[in-house]
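Colleague: When you line the sequence shown up against the working numbering, it's residues 11 to 219, in that order.
One structure is given below, represented as structure tokens, and several questions about it will come after.
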Amino acid sequence: MSKALEAEKRSGFKRSDMKVLRESGRVPAVVYGKKSESEAVHVDAKELQRHVQRGGADIFSLKIKDGSSTQVMIKDVQRLNGRIIHADFLKIDKNTPVRATIPVDYQGEAKGSKEGGIFQVQATELEVEALPDDLPHTLEIDVTALEIGDKLTAADIKLSDKVRLLSSEEEVLASVVVPQVQAEDLEPASSDEPEVAPERVGDEAASEE
């Protein structure tokens, strides 16, 4: 489990209040859960960024300055010009399944890549559902056996029987394709030499004399 994130209750909800918070290095946020009312808070921008970078199902303790503490995960962040300007924290009940978007970690080098093919990634994350303690941090898949023309789908991910895939099993994750031949490689080589008339021999040449 990640290091706790400290938060303070938020009372101002005007645009000007949000601006003051952001200019002071804080990020407005909301904490909510199925069995509790939502609560407005603000957190340190740098500390929040560290949790966001961990990705996946990063579950941690959110400690509010009034003394309360609750287990949460980051459900959503809003960005402006790359900067986080708002965050949503979902309260976690260890006995209730949660949905999470988990990054896909491609392991190894595809056989087809070594033979001149191009390894292309179509998806970098998948949505799953599980109890909080059973959520994987990443979804690992070995790509070394992929040959040119092969593809991987979400169905190829090996999940624990405690984890349910919510993304479509037919979703293409990655493939190895034939490199596109450059157009100039397909065009015949041009010659700058002038055409030469065929040489006439024998009776045909004599008849013109």
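Built from N, CA and C at the ideal position, the CB exists for glycine as well.
Which same chain residues end up closer than 6 Å to Y42 when comparing Cβ atoms and leaving out the 5 residues on each side of it in sequence?
Modeller: For Y42, where only same-chain residues beyond five positions count, the Cβ hits under 6 Å are S48.
Colleague: Once the 5 residues before and after M28 are set aside, which same chain residues still bring their CB inside 7 Å of it?
Modeller: Within the same chain, M28 has close Cβ partners P38.
Colleague: By alpha-carbon positions, which one of T111, K44, L58 ends up nearest to R174?
Modeller: Here the closest residue by C-alpha is T111.
Colleague: Let me check understanding here. Comparing Cα to Cα, which of R25, P113, K101 lies closest to I69?
Modeller: Out of R25, P113, K101, K101 has the C-alpha closest to the C-alpha of I69.
Colleague: Straight-line CA distance for H61 to G22?
Modeller: Their backbone Cα atoms lie some 25 Å apart in a straight line.
Colleague: Whole angstroms are fine: how far does the CA of L15 sit from the CA of V51?
Modeller: Their Cα atoms are separated by approximately 12 Å.
Colleague: Within a Cβ cutoff of 6 Å, which residues of the same chain sit near G126, ignoring the five residues on either side of it in sequence?
Modeller: So no residue of the chain qualifies.
Colleague: What is the residue span of the alpha helix (DSSP H) that R25 lies within?
Modeller: Looking at the DSSP string, the run of the alpha helix (DSSP H) that includes R25 is 25-33.
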